[in-house]
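Participant: So the sequence shown is numbered by the numbering used here: it starts at 347 and just counts up by one.
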Amino acid sequence: MNKENITKMVEACKRFERLHDADELFGERMSRMMDLESADQQFKMDWDALLEADDYEFCHDVAGIHRHADRTSYPAQIGGCFLPRFAGQEGNS
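Here it is as structure tokens:
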């Protein structure tokens, strides 16, 4: 995970928190960060496209990643047939 991607994940978390009462709905920012990092490892997320997306598309991916993350191991596996709209390609976890 490079510093640029970490910065973009923090930006995504802050945006999501502004759009929703995310702390009550989805837990702490650290949990969201770990879910996003796991999604990046699994799907090679296109962070620039995600951050430029409209609110609906953006929230679809961030909330969907959180909802479908299997946290029994780290990195979490994003399952439930969920594919983020801003996924690049599946990577090697």
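For every residue, glycine included, the Cβ atom is placed at its ideal position computed from N, Cα and C.
1) Can you tell me whether residue 355 is buried or exposed, with buried defined as 16 or more other CB within 10 angstroms of its CB?
2) Return the CA-CA distance between residue 390 and residue 348, expressed in angstroms with no decimal places.
3) Rounded to whole angstroms, what's the CA-CA distance from residue 405 to residue 382? Just pull it up for me.
4) Near residue 438, what residues of its chain come up, given a Cβ to Cβ distance below 7 Å and the 5 sequence neighbours on each side ignored?
5) Report the three-state DSSP secondary structure of residue 392 (helix, strand or coil).
6) With DSSP collapsed to three states, give me the class of residue 415.
Facilitator: Let's see:
1) Your numbering for residue 355 matches position 9 in the sequence shown. Residue 355 comes out buried.
2) Taking the first residue of the sequence shown as position 1, residue 390 is located at position 44. Taking the first residue of the sequence shown as position 1, residue 348 is located at position 2. Rounded to the nearest angstrom, the two C-alpha atoms are 12 Å apart.
3) The residue you call residue 405 lines up with position 59 of the sequence shown. The residue you call residue 382 lines up with position 36 of the sequence shown. So the alpha carbons of these two residues sit roughly 12 Å apart.
4) For the purposes of this step, residue 438 is taken as residue 92 along the sequence shown, with counting starting at 1. In this predicted model, residue 438 has a pLDDT of only 49, less than 50, meaning its place in the structure is not dependable enough to derive any value.
5) Looking up residue 392 in the sequence shown gives position 46. Here residue 392 sits in coil by DSSP.
6) For this step, residue 415 is matched to residue 69 along the sequence shown. Three-state result, residue 415: strand.
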